[in-house]
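Visitor: 744 is the number of the first residue of the sequence shown in our numbering; add one for each residue after it.
We put the CB at the ideal spot given by N, CA and C, even for glycine.
Note that this is a predicted model, so its numbers are computed, not measured.
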Amino acid sequence: MLSVEEARRRVLEAVSPLEVVEVPLLEALGMTLAEDAVAGNDIPPFDNSAMDGYAVRAEDVSGAADENPVELEVLGDLPAGYTAEATVGPGQALRIMTGAPLPAGADAVVPVERTRAVEGRVLVLEGVSRGDNVRRAGEDVRAGERVIASGTLVGPAELGMLASLGHARARCFRRAVVGIISTGDELVEVGEELSPGKIRDSNSYTVYGMVLEAGGIPLRLGIVRDDAALLERTILENLDRVDLFVTSGGVSVGDYDMVKDVLGKLGEMNFWKVAMRPGKPQAFGHIGGKPLFGLPGNPVSVMVSFEQFVRPALLKMMGRSSLFRPQVTAVLDAPIGRRTGRTEFIRVIAEWREGRYHVRPTGPQGSGILKSMVLGNALAVLPEEVGRLEPGAEVTVQLLRP
Ligand code: AMP
Ligand code: MG
């Protein structure tokens, strides 16, 4: 049997990033930046007021207080978006709004709350020092600074930063199109009536969700009967428009598990027994140059295998520098009985309490108990050699929905 780490290593080695495309800025949200974002100018571009108030020369008002107001001549008003023509000289001030450029001569701003306006003049009721309430040019970002590294997921903050830097378009890795196939004679579509022996296909929905959440473009290619020719046709017909295939079902050793035969015939496939629970049988390889993951059929096996192998591979294809979920150490609140020999992924509820993460299993852990994924927000990863665990034990946890 292959270890989880070794299977993951082989998978990641076998996939490479897709091409880079240039997209309008808003489309970059959820994509991975394919070049460093380097500032072409300072942000903010000029010294400006951090408050509504009066731009002054600090030395003029150094001794000001409620009982000792300093009176200054007011030269005029400066709203944000304009520059001052006047220079602030000794004994003078300019009424200034937040974001307006600091006028020549002034070196500080007195907040309006600490002043009193009187006919063309202002009484300053509190002293300020040079630089007080002034935002310096470049205090956020310096011209030439690398602000966002290539390989970073573009989220709202990155989008705003790219806008600040003047990037109307962004160079990103293309989103991967993932073809999703559910195999099995027992499967019916979600809208269909159940008849004896049939169940609804859920795997193509969980996979759809996981692909979309990872930033890929999911494409449901439907339910394929346990019929080798049908499966072969579905894969070959979609080779041109899909970057990665994910199938579920048909990779174990049952007589009707024909996915193995078809995949083996169509491309270079590996069939692994991975030392994990759930999800032991796995197929991975390439068909017509496109990576294909043959996941086992059980609904939890599908989700856990996707998390361990497909998601990191998908993120690598989409250029991401960080491929894995946040991993933390948590304390176990309930016992877990188990056998050694395989890495086990226990669905747990993780909670932050008293300064650390606590976890407890969601309930029954069978590979068909999809409710465990609904209730859980994390996977506790129990290493191959670790046996029964008592409350209080420390476990490593992958946070799926932090
Ligand atoms: P298999 O690996 O094909 O033997 O399937 C293992 C188990 O997973 C069987 O109980 C199947 O009925 C179930 N299964 C397979 N595919 C799906 C699916 N798309 N949705 C829900 N359950 C499935
Ligand atoms: Mg099957």
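Write down the C-beta distance between Ser995 and Pro1042 rounded to the nearest angstrom, noting that I regard them as a contact closer than 8 Å.
Guide: Sequence index remark: in the sequence shown, residue 995 carries index 252 (1-based). Sequence index remark: in the sequence shown, residue 1042 carries index 299 (1-based). Not really, about 15 Å apart at Cβ, beyond 8 Å.
Visitor: Starting from the C-beta of Ala823, find all residues in its chain whose C-beta is less than 7 Å away, skip the five residues before and the five after it, and write them out in chain order.
Guide: Here the question's residue 823 lines up with position 80 in the sequence shown. Closer than 7 Å at the Cβ level, and outside the excluded window around Ala823, lie Met840, Thr841, Gly842 and Ala843.
Visitor: My output table needs one value for Met744: the three-state DSSP class, helix, strand or coil.
Guide: Your numbering for residue 744 matches position 1 in the sequence shown. Met744: coil per DSSP, three-state reduction.
Visitor: Going along the chain, which unbroken runs of the beta strand (DSSP E) with 3 or more residues stay wholly within the segment 956 to 1005?
Guide: Fully enclosed beta strand (DSSP E) runs of 3 or longer: 960 to 967 and 987 to 991.
Visitor: Per DSSP, which residues does Gly922 bridge with? Please list them.
Guide: Here residue 922 is taken as the residue at index 179 of the sequence shown, counted from 1. Its beta-bridge partners are Leu962 and Phe988.
Visitor: Would you say the segment 947 to 958 touches the segment 1007 to 1018, given that touching needs at least three Cβ pairs under 8 Å?
Guide: They do not touch, by the three-pair rule.
Visitor: Report the CB separation of Ala1121 from Val1091 in whole angstroms; it is logged as a contact under 8 Å.
Guide: In the sequence shown, the residue the question calls residue 1121 occupies position 378. In the sequence shown, the residue the question calls residue 1091 occupies position 348. 5 Å between Cβ atoms; contact.
Visitor: Out of Gly1031, Val754, Gly992 and Glu762, state which residue places its alpha-carbon closest to the alpha-carbon of Leu930.
Guide: Your numbering for residue 930 matches position 187 in the sequence shown. Considering only alpha carbons, the answer is Gly992.
Visitor: How would you label Ile942, buried or exposed, when you count the other beta carbons within 10 angstroms and need 16 or more for buried?
Guide: Start at 1 with the first residue of the sequence shown, and residue 942 comes out as number 199. Looking at its Cβ environment, which holds fewer than 16 other Cβ atoms inside 10 Å, Ile942 is exposed.
Visitor: Ser792: which of Glu882, Leu761 and Val804 sits nearest, CA to CA?
Guide: Position 49 of the sequence shown, counting from 1, holds the residue named residue 792. Here the closest residue by C-alpha is Glu882.
Visitor: Within 7 Å: the Cβ of Leu973 and any heavy atom of ligand 1?
Guide: In the sequence shown, the residue the question calls residue 973 occupies position 230. Checking every heavy atom of ligand 1 against the Cβ of Leu973, none is found closer than 7 Å.
Visitor: Beta carbon of Gln1025, beta carbon of Gly1007: below 8 Å?
Guide: Walking along the sequence shown from the start, residue 1025 turns up at place 282. Walking along the sequence shown from the start, residue 1007 turns up at place 264. It is not a contact, given that the beta carbons lie outside the stated cut-off.
Visitor: Tell me, which residues are paired with His910 by DSSP?
Guide: Position 167 of the sequence shown, counted from the start, is the residue given in the question as residue 910. According to DSSP, His910 bridges with nothing at all.
Visitor: How would you write the range of the beta strand (DSSP E) that Met1060 sits in, first residue to last?
Guide: What you label residue 1060 is simply residue 317 of the sequence shown in a count that begins at 1. Met1060 -> not in any beta strand (DSSP E); alpha helix (DSSP H) instead, spanning Arg1054 to Met1060.
Visitor: Would a check of beta-carbon distances place Val852 closer than 8 Å to chain C?
Guide: Looking at the structure shown, chain C is missing, and only one protein chain is on hand.
Visitor: Given a cut-off of 8 Å, decide if Ala836 and Leu815 are closer than it, judged by their beta-carbon atoms.
Guide: Numbered from its first residue, the sequence shown carries residue 815 at position 72. Numbered from its first residue, the sequence shown carries residue 836 at position 93. It is a contact, given that the beta carbons lie within the stated cut-off.
Visitor: Just mark Met744 as buried or exposed, buried being the case when its beta carbon has 16 or more other beta carbons within 10 Å.
Guide: By one-based count along the sequence shown, residue 744 stands at place 1. Per the 10 Å Cβ criterion, exposed.
Visitor: Can you grab the Cα-Cα spacing for the pair Gly773 / Arg984, in whole Å?
Guide: Residue numbering aside, residue 773 sits at position 30 when the sequence shown is read from its first letter. Residue numbering aside, residue 984 sits at position 241 when the sequence shown is read from its first letter. Computed Cα separation, rounded: 21 Å.
Visitor: Between Val766 and Val1129, what straight-line distance do the alpha-carbon atoms span, to the nearest angstrom?
Guide: Numbered from 1 along the sequence shown, position 23 holds the residue referred to as residue 766. Numbered from 1 along the sequence shown, position 386 holds the residue referred to as residue 1129. Straight-line Cα distance between these residues: approximately 48 Å.
Visitor: What are the boundary residues of the beta strand (DSSP E) that includes Pro1024?
Guide: The residue labelled residue 1024 in the question sits at position 281 within the sequence shown. That run of the beta strand (DSSP E) goes Pro1024 to Ile1030.
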